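**Student:**
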Amino acid sequence: MQYGLDDEYTWYEWAEALPTEETPSPELHAIAAGFAAHARHCLPTWCHAGALSPLAALARAFGPREAGLAQAQGLQVSHLRFLAAPQLTEQLAALPDLTGLEGVEVSGDEGSKLAPKESAALVQLAKLGLRELDLEGVPSSKDIEPLRPTLARLSLLLQDKPRATELFERPWPALRELRLERGNATDMAGLAALLPAMYERLPACEALDLFETSITKKVPLLEAMPSSPWIAQLVALRISDHDVPPDRLMHLAQVPFQRLRHLGLGISQARPQLANALASSPSLSAVETLQIHAKVGKAGLQCLIEAWPHLRRIAVWDPPTESVDEVIETFGLRPFVARGGVVVRRVS
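Taking full-length UniProt numbering, the leading residue of the sequence shown gets 1, the next gets one more, and so forth.
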């Protein structure tokens, strides 16, 4: 399984070029081929697995209407995006063919929840062998249970239920990627308490993404990571939380990573001292792709580049300019470009 970093802005440019009802089939295939070629270098989710086929790459941005159009033209849709949780069952029923469906994303306003009747949709998706689920709604542990044996990628917006502790009371045998968003301090404290047992409950997991999860000073999650065998086995780790004090991030340098290749730190508190600590960690020397805030500074970036010989790609968050060329000049990255690439991301 391979992981990479995304460039959300280029992804949106491609999404805007997706077909309309008037788009002829040859043009649809041409867009798909171009999208797939781009997606091999710039995946639409931060740590999505593997190279994408042309149709899978294009279908990743399909909603129900576009999916129906694609199916009418003989294309197989592998991923679907729904804009609202309450209509999930109805929207699924409107599609003539769900054969080959691998992933579903349900986006919408924060606070949207799956209605009780929508739990039937999750059962239906489980019967199809769904492997990827991205919910901005909040299912109960009981509702999501049918997907437990087969799900390989899970992304959840944690609000009321389920708490992180409830999610992992039982193993997820096939789960390889986990993304938790907007969890509160209670969620993260519960997750920290579970870390010693997480290796048994997530035996196949290789990628962890914690996005705006309120890892505050009172939550011992970062302190618990160095002694967790599960964290040590990760291939990809991203932490995006602007409230994390820089001194607490130093615990990452103490984790005895054995396989880590992709590290993302969406932390506005990142400083050169953090870069120095990470660069001095032998277990991080194999990192290939890095996301880090521009406040780490020129010296911090250069320190990491010199310490990590396998580093091939850097995503600079919130740089002082949107021009990639200017960022390369500002941070002295010209020599690095010869062996890798630089992505500019605006996150503020």
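Heads up, the beta-carbon is just placed ideally off N, CA and C, and yes, glycines get one too. Note that the structure is a prediction, hence the values are computed from the model and not measured.
Determine the extent of the beta strand (DSSP E) in which E132 is found, giving its start and end residues.
**Tutor:** Per DSSP, E132 belongs to the beta strand (DSSP E) from E132 to L135.
**Student:** Hey, how far is the Cα of S140 from the Cα of L156?
**Tutor:** Straight-line Cα distance between these residues: approximately 11 Å.
**Student:** Whole-angstrom Cβ separation of E212 and D241, contact assumed at under 8 Å?
**Tutor:** Contact flag correct, Cβ pair sits at about 6 Å.
**Student:** Secondary structure at H251, three-state DSSP: helix, strand or coil?
**Tutor:** If DSSP states are grouped into helix, strand and coil, H251 belongs with the helices.
**Student:** Strictly by DSSP, which residues pair up with G264?
**Tutor:** BP columns for G264 point to R238 and Q291.
**Student:** Return the Cβ separation of V296 and R271 in integer angstroms, given the expectation that the two are a contact with Cβ distance under 8 Å.
**Tutor:** Right, the Cβ-Cβ distance comes to about 7 Å (below 8 Å), so this counts as a contact.
**Student:** Does the Cβ of E200 have 16 or more other Cβ atoms within 10 Å, making it buried, or fewer, making it exposed?
**Tutor:** Exposed, because fewer than 16 other Cβ atoms sit within 10 Å of the Cβ of E200.
**Student:** Going along the chain, which residues of its own chain have a beta-carbon closer than 8 Å to the beta-carbon of L202, five neighbours each way excluded?
**Tutor:** Contacts found: F168, P171, W172, L175, L178 and W230.
**Student:** For R313, which beta-bridge partners are listed by DSSP?
**Tutor:** Its beta-bridge partners are T289 and G341.
**Student:** So, with DSSP's three-state summary, where would you put D243?
**Tutor:** D243: coil per DSSP, three-state reduction.
**Student:** Under 8 Å by Cβ, that's how I've got E166 and E132 pegged, so tell me the actual separation to the nearest angstrom.
**Tutor:** That belief does not hold up - the Cβ atoms of E166 and E132 are roughly 21 Å apart, past 8 Å.
**Student:** Could you check which residue in L154, D134 and L92 has the C-alpha nearest to that of Q124?
**Tutor:** It is L92 whose Cα lies nearest to the Cα of Q124.
**Student:** Can you tell me whether DSSP reads E177 as helix, strand or coil?
**Tutor:** In the structure shown, E177 sits in a strand (DSSP, three-state: E or B).
**Student:** Contact defined as beta carbons within less than 8 Å: I believe L208 pairs with L234. What is the distance between those atoms, to the nearest angstrom?
**Tutor:** Yes, L208 and L234 are in contact; Cβ-Cβ is about 6 Å, under 8 Å.
**Student:** Return the first residue and the last residue of the alpha helix (DSSP H) that R153 is part of.
**Tutor:** No alpha helix (DSSP H) holds R153; the beta strand (DSSP E) holding it covers R153 to L157.
**Student:** Would you tell me roughly how many angstroms separate the C-alpha atoms of R261 and R238, rounded to the nearest one?
**Tutor:** Spanning the two alpha carbons is a distance of roughly 11 Å.
**Student:** With burial defined as no fewer than 16 other Cβ atoms inside 10 Å of the residue's Cβ, what is the status of E105: buried or exposed?
**Tutor:** E105 is buried by the Cβ-count criterion.
**Student:** Specify the secondary structure class of E322 as computed by DSSP and reduced to three states.
**Tutor:** If DSSP states are grouped into helix, strand and coil, E322 belongs with coil.
**Student:** So, P282 versus H251, is the Cβ gap smaller than 8 Å?
**Tutor:** No, the pair does not count as a contact, with Cβ atoms beyond the cut-off.
**Student:** Would you give the residue range spanned by the alpha helix (DSSP H) that E306 belongs to?
**Tutor:** G297 to A307 is the extent of the alpha helix (DSSP H) around E306.
**Student:** Buried or exposed for D134, please, with buried defined as at least 16 other CB atoms from any protein chain shown within 10 angstroms of its CB.
**Tutor:** Classification for D134: buried.
**Student:** Who does A93 pair with in a DSSP beta bridge?
**Tutor:** In the DSSP output, where bridge partners are listed per residue, A93 has none listed.
**Student:** Which word fits R163, buried or exposed, when buried means at least 16 other C-beta atoms lie within 10 angstroms of its C-beta?
**Tutor:** Buried, by the Cβ-count rule.
**Student:** Considering just the uninterrupted stretch of the beta strand (DSSP E) at L208, what are its terminal residues?
**Tutor:** Residues A207 to F211.
**Student:** Is the beta carbon of A294 less than 8 Å from the beta carbon of P335?
**Tutor:** In this structure, P335 does not lie closer than 8 Å to A294 by Cβ.
**Student:** Work out the CA separation of T330 and I215 for me, nearest whole Å.
**Tutor:** C-alpha separation (whole angstroms): 31 Å.
**Student:** Taking the beta carbon of E181 as the centre, do at least 16 other beta carbons fall within 10 Å, making it buried, or is it exposed?
**Tutor:** Flag for E181 reads buried.
**Student:** Could you tell me whether any non-hydrogen atom of the ligand GTP is closer than 7 Å to the CB of L304?
**Tutor:** Only the bare structure without any ligand can be found here, which leaves the ligand GTP out of the picture.
**Student:** Would you mind reading off the limits of the alpha helix (DSSP H) that contains M198?
**Tutor:** Taken as a continuous stretch (DSSP letters only), the alpha helix (DSSP H) holding M198 covers A185 to R201.
**Student:** Compute the beta-carbon to beta-carbon distance between A121 and T150, rounded to the nearest angstrom, for a pair I have assumed lies under 8 Å.
**Tutor:** At roughly 16 Å, the Cβ-Cβ gap does not stay under 8 Å, so A121 and T150 are not in contact.
**Student:** Leaving aside the five residues before and after A299 along the sequence, list all residues of the same chain whose C-beta is less than 7 Å from its C-beta, in chain order.
**Tutor:** Around A299: P272.
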